[in-house]
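Q: The sequence shown begins at 9 in my numbering and counts up by one.
Ideal Cβ placement from N, Cα and C applies to all residues, glycine included.
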Amino acid sequence: MSKERFAMILLSLRFDDASTRDQRKQTDGATAIADIFSEFIANCQKYYKIGETTTIDEMLVSFRGRCRWKKYMPNKPCKYGLEIKCLTDSATGYLYNAYLYTGKNSDGNGLTEEEKKLLVPTQNIKKNKREIPPEFLDKKREVHSTMYGFTKELTLLSYVPKKKKTVQMISSMHHEESIDSTKSIPEIISFYNATKGGVDSLDEKCAKYTCARRSRRWPLVIFFRILDVAAANTFIISNYNSSKRMEFMKDLGRRLVTPQLERRYAIPQLSHELKSLMGRILGKDKPTGSNQQSTEILKFETLKNCYMCFKQKRRRTHYGCTVCGQPVCLQCSKPTCNNCR
9 MSKERFAMIL LSLRFDDAST RDQRKQTDGA TAIADIFSEF IANCQKYYKI GETTTIDEML
69 VSFRGRCRWK KYMPNKPCKY GLEIKCLTDS ATGYLYNAYL YTGKNSDGNG LTEEEKKLLV
129 PTQNIKKNKR EIPPEFLDKK REVHSTMYGF TKELTLLSYV PKKKKTVQMI SSMHHEESID
189 STKSIPEIIS FYNATKGGVD SLDEKCAKYT CARRSRRWPL VIFFRILDVA AANTFIISNY
249 NSSKRMEFMK DLGRRLVTPQ LERRYAIPQL SHELKSLMGR ILGKDKPTGS NQQSTEILKF
309 ETLKNCYMCF KQKRRRTHYG CTVCGQPVCL QCSKPTCNNC R
């Protein structure tokens, strides 16, 4: 596929019916990609059994284009982007559930603040909440001192990790004053630190090996992130840490393009260069002896980099290898007569 054709496909790619989009926008701001996103989440839940500890956090997908629910998060590396609320397995970082944040009405519909707190066993709480007693915010307390507050269903913790700094945590799982003896910190904080990194781990994996391309269309940006998350989830399911992720990604990409390559490889009108390249990827068209070498000279219209010596000698050539189709200069190849082929 040429670069121009690939760009044209990206430009034309849509994920919903444009004729009914305006009507659906009234109830769903992310309707342009809602169907494929929902189907993706359903498949994520179908093939994985989530562990006993999970992480709920936001993932910010970098985006600078026009979108009415684009967010600014100064603590994220990309600062501006589209927010995805995620539920992941704390141990593996597997994405189990998620939804697109499209404004205030899309976040926790029908739930009171008390019910939202009960949904998450342990979480950090902002200091500006009116429910926190003033004694829990006192920064003049001794370092490593703790204060607890208990209700029937919730436990409030205030901890001083260093001078003039307090940390407030709320938990519906812990109901006693317990200290982690190995780390000398409250059990609530120890549990929170051990389980808080699921979404960040997934975000890091997506950023390290990504298929994303620059785009001004937010549905396409979300689609690229779906592909990245799908690759990360697949690695966790099929090969959990038993091989290098780079090798897994290469093998995954090769398996995804193989059906299309086999269909194209059967077309007799393709150029020799393109067919040789596809044959090498498919494991076909491999030379088994000198009699399989072509007597036809492979010549390119434009100069190409010699694949054998360009990094050292920076040579360019019009000629290519008649077996593998790679551009090769005359210094890195040997001419033979027709009788010796």
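Compare the C-alpha of residue 281 against each of 275, 321, 334, 317 and name the closest.
A: That would be 334, whose Cα lies nearest to the Cα of residue 281.
Q: Quick check: what's the CA-CA separation for residue 309 versus residue 283?
A: C-alpha separation (whole angstroms): 17 Å.
Q: I'd like to know whether the C-beta atoms of residue 325 and residue 290 end up nearer to each other than 8 Å.
A: Result no, Cβ atoms of residue 325 and residue 290 do not sit closer than 8 Å.
Q: Hey, could you find the ends of the alpha helix (DSSP H) residue 167 is sitting in?
A: Where residue 167 is concerned, there is no enclosing alpha helix (DSSP H), although the beta strand (DSSP E) it sits in stretches over 163 to 170.
Q: Less than 8 Å between C-beta atoms, sequence neighbours within five positions excluded: which residues of the same chain meet that for residue 336?
A: Counting only Cβ-Cβ distances below 8 Å, and skipping sequence neighbours, we find 314, 315, 316, 325, 327, 328, 329.
Q: Three or more beta-carbon pairs under 8 Å between the region 207 to 227 and the region 48 to 55, yes or no?
A: Because the criterion of three Cβ pairs below 8 Å is not met, the region 207 to 227 and the region 48 to 55 do not touch.
Q: So residue 108 and residue 94 are supposed to be a Cβ contact under 8 Å. How far apart are they, rounded?
A: Their Cβ separation, rounded to whole angstroms, is 11 Å, which puts residue 108 and residue 94 out of contact at 8 Å.
Q: Hey, would you say the C-beta of residue 315 is under 7 Å away from at least one heavy atom of the ligand GDP?
A: As for the ligand GDP, it is missing from this structure, which has no ligand bound.
Q: Grab me the residues of residue 411's own chain with a C-beta within less than 7 Å of its C-beta, minus the 5 sequence neighbours each way, in chain order.
A: Only positions 9 to 349 of the chain appear in the structure, and residue 411 is not among them; the question remains open.
Q: Quick check on DSSP: helix, strand or coil for residue 222?
A: It is coil, neither helix nor strand.
Q: According to DSSP, is residue 191 part of a helix, a strand, or is it coil?
A: Coil at residue 191, not helix or strand.
Q: Would you report the Cα separation of residue 86 and residue 214, rounded to the nearest angstrom?
A: Using only the alpha carbons, I get a separation of about 13 Å.
Q: If I measure Cβ to Cβ from residue 149 and keep anything under 7 Å in the same chain, skipping five residues before and after, which residues do I get?
A: Excluding residues within five positions, the ones whose Cβ falls inside 7 Å are 168.
Q: Since residue 210 and residue 237 are thought to touch, with beta carbons under 8 Å apart, how far apart are those beta carbons, to the nearest angstrom?
A: Right, the Cβ-Cβ distance comes to about 7 Å (below 8 Å), so this counts as a contact.
Q: Nearest-angstrom Cα distance between residue 159 and residue 24?
A: Near 48 Å, if we compare the C-alpha coordinates of residue 24 and residue 159.
Q: How many whole angstroms separate the CB atoms of residue 206 and residue 63, which I take to be in contact at a CB cut-off of 8 Å?
A: That pair is a contact at about 3 Å.
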